[in-house]
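One structure is given here, and the rest of the page talks about it.
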Amino acid sequence: MMRSHRSVARLALVASLSLPLIGLPPVMAQDTGAPAAAVEVPAELQTAVENYWHYGKIARYDLQSAEAQKITGAGAEPAVVLAAFEKTAAGRNDDLNNWVLRWQGIAESADSAKQIYQLLQQGRATRRADQNYVETQIQRLGTNERAYILAVGQLRESGELAVPLMISYLQNPQRAELHAPIRRALRDMGRVALNPLVAATEMKRDTNTLLTVISVLADIGYDAPVPYLARLTESREVTPSVSQAARQALGRLGASQGVKATDAYFDLAERLYYGRSALSVDQQVPTAYVWFWDEEKGLTKRDVPPAIFGPVMAMRAAEYAMKLGQSRGDALSLWLAADYKREAALPEGASDPTRPENFPSAHYFGVSSGASHLYTTLERALRDNDSAVAVSTIKSLGEIVGAASLPQDSAAPLVSAMRFPDRRVRYEAAFALAEANPPQSFTGSERVVPLLAEAISQTGGSNVVVLAPRGGEGDEELNRLIESIKGTGVGAVGGATAQEAVNAAAQLPAVDAIVVSEKAPAGEIEALNALVRGNARLERTPRIVIVGSGASRFVEAAATDPLLSTVNSPSGGTIKAQLESARTKAGSLPLDDAMAAEYALKAASLLQSLAGRASAYDLLVAEGALTAALNDARPEIVKAAGAVLATLDSARVQPALLEAASKEQAADDVKISLYQSLAKHAKQFGDRLSGDQHATLEQAVENGQNLDVRAAAAEARGALDLPADQAKTLILKGSQT
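Using this note's numbering, count along the sequence shown one by one with no gaps and you end on 731.
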């Protein structure tokens, strides 16, 4: 933020004079003048408010709460309640907000004070949007200095919503007597006026008003308007006076000489993307406003959820950068990131009115932009620890990336994504690289198949690995911690040494966090750090350290490390709660049961597809995970795992398929699928069963209860090319001759 010394001093003076609840003496802060008097307050309501105030100040909170019930139960409009409270507070020279907030902090009065505060906030929201109220305040600006100070305070409360009418007054030559005080008021409103004012720089017909807007933006002192002013200096559509005024304003804001609008818009887009711009959401209101200039209507707005304000405004600034600088490929990548972010941040059921009804998805623009821009977008998401943008970008890359467009160095974003803390990001990256299926290995290619195998094992549940001492003060801390965590529904394994913990982690389908007791020997903690470094499953996994006090070195480290969190209590419940916090801090997305099954099936499908063609990937490294998946409780996962195993040249596959198919509790459709996979493997690799296993298969062929299961088992027997004697026996046994 850049300000001139003169602007800072002036703003400080104005703040001391005009802030409605902080800088003014209480009587001035609450004296709302004519508008308050214009609100008719029923006598009963005013009396209840007076009593509420009186009882609160003498600490009779029981009687105060009774009056609060009368106020909230009166059915009066919030704006009327607000007027009654403002009158009461002003009559006592009290600060309305300070007293209500104070009562919220007292146990006996907290509940009723919260209800009152909500009513007051609703009243303020109604009033700040009331254009008749805003117009009254504008007209008071020219009365005298006291009226000006009070009116500016109320206009600041209306915030952005007051600016369109103020601009309209500036454009009206018949209200010339108010032009100077309105200009001063816009300056004194400060940051809350910026959003609509920068949109007003688009005006073309009214040079005088545009010159006023430019001057006000310079007076306010924030550097957010720099790109809008730079555009005016470069535009051929504005008068020389406008261009000159814009140059002078840029100088007053401390902008670099010769600043290019396209560069300034890109810089602004980045700051908007990260929420670091003075063009931000007005925290007084639950709705964000995106402003547009219309030559006929003036300033118009579209209401958007606050969560998408930054991405929407970043997209607009990036569009300016691209429009003014055709070669700005970085602006395109930033626009894509902002669009993905906008979609991810849009609350469920909400819409974005800044986009046309049939506006294409972020994916549409991503895939049409090509792999190179998506790689840049992905790099930004990984750097920001933004899982949502990373997942969306990788999904788009997966649709268009091929062997020819795969980057080959180890810093390539897709390869880097396979080391990301969030497993959804890791899996999506592995999926994209598997679908590309390059003919030759590349740096990081060895991670693809293990991640596909890990994805097959996903259940949507959480799992942690624990490093803690076994002994210590007469207790078994390691076992106690593991059992305590398991009691919360989180899977847990662990060890007393770093090596034991890492070995135990291999038992889990995925590791969501590493829990470390500070009581573990320092050497083991350092050894754990060394072991997980370079471990594809663990190196970017969030770590939760159980500390003894806030003075722990880990507490200080956690302040800057997104992968490190601390917890004081070693109980399973607190660790489970911290696990969710650690995931959020590390930028991880939730993975529920349905999504886990979807990932598992896609991973199995990709492995099966890779097995059917030449590939740079070694599929045998997935054998262990696939064999374990034959015991999965989800039938579709068991079938998919069997189908992939059928493609692997391993002596362990056929016994594993037969064992899983022979289980009594297995559903018939699962048995059929597994026997068919066994037959497929036998056709390709021959008989790899032992004599006892042959006998087990013969039993299934002969004695199975379901004829379809028996038929599938018979197919497997035939594919194994077992001796025909048993087949003859079966024929004769079923013969009626």
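Glycine is no exception: its CB is placed at the ideal position from the N, C-alpha and C atoms.
Between residue 128 and residue 155, the C-beta spacing is below 8 Å. Cβ contact annotation for residue 106 (same chain, cutoff 7 Å, sequence separation greater than five): 58, 59 and 62, in chain order.
In this structure, residue 429 and residue 600 form a Cβ contact; the two beta carbons are roughly 7 Å apart against a cut-off of 8 Å. Pairing residue 681 with residue 715 gives a Cβ-Cβ distance under 8 Å.
The way I'd put it, the region 563 to 579 does touch the region 474 to 485; three or more beta-carbon pairs between them come closer than 8 Å. Using a Cβ distance threshold of 8 Å, residue 272 and residue 308 do not count as a contacting pair. In the three-state reduction of the DSSP assignment, residue 283 falls in the strand class, which pools E and B.
Non-local C-beta neighbours of residue 116 in its own chain, meaning closer than 7 Å and more than five positions away in sequence, comprise 72, ordered along the chain.
With a threshold of 16 other beta carbon atoms within 10 Å, residue 353 falls short and is exposed. In the structure shown, residue 642 falls within a coil segment according to DSSP collapsed to helix, strand and coil.
In this structure, residue 43 lies away from residue 74, with their beta-carbon atoms at least 8 Å apart. Judged by DSSP secondary structure, residue 701 falls within the alpha helix (DSSP H) whose first and last residues are 701 to 714. Rounded to whole angstroms, the gap between the alpha carbons of residue 656 and residue 439 is 36 Å.
Under the DSSP definition of a beta bridge, residue 295 partners with 285. In the three-state reduction of the DSSP assignment, residue 457 falls in the strand class, which pools E and B.
Residue state for residue 559 is assigned as strand, using DSSP reduced to three classes.
DSSP places residue 510 within a strand segment (E or B) once states are collapsed to three.
Taking the CA atoms as reference points, residue 108 sits about 56 Å from residue 620. Just so you know, the alpha carbons of residue 542 and residue 495 end up roughly 21 Å apart. Straight through space, the alpha carbons of residue 665 and residue 451 are spaced by roughly 20 Å. Cβ atoms of residue 203 and residue 222 stay farther apart than 8 Å, at about 15 Å.
Under the rule that a run must span 4 or more residues, the alpha helix (DSSP H) segments found entirely inside the region 309 to 382 read 323 to 339, 356 to 363 and 365 to 378.
DSSP places residue 487 in the uninterrupted beta strand (DSSP E) bounded by 485 to 489.
Non-local beta-carbon contacts of residue 120 in its own chain, meaning distances under 7 Å to residues more than five positions away in sequence, involve 72 and 73 in chain order. The closest CA to that of residue 363, considering only 338, 342 and 394, is found on 394. Excluding five sequence positions before and after residue 602, the CB atoms of its chain that fall closer than 6 Å to its own CB belong to 637 and 638, given in chain order. Contact annotation, residue 514 with residue 461: C-beta distance approximately 5 Å; criterion of less than 8 Å satisfied.
Distance from the CA atom of residue 368 to the CA atom of residue 384, rounded to whole angstroms, is 10 Å. As the crow flies, the alpha-carbon of residue 445 is around 6 Å from that of residue 421. Just so you know, the alpha carbons of residue 391 and residue 295 end up roughly 35 Å apart.
Secondary structure remark: continuous beta strand (DSSP E) runs of at least 3 residues inside the region 64 to 136: none found. Excluding sequence positions up to five before and after residue 501, its CB lies within less than 8 Å of the CB of 487, all in the same chain and listed in chain order. Distance from the CA of residue 242 to the CA of residue 509, rounded to the nearest whole angstrom, comes to 58 Å. Under DSSP, residue 538 forms a beta bridge with 509 and 559. When DSSP states are grouped into helix, strand and coil, residue 529 belongs to the coil group. In this structure, the alpha-carbon of residue 218 lies about 48 Å from that of residue 595.
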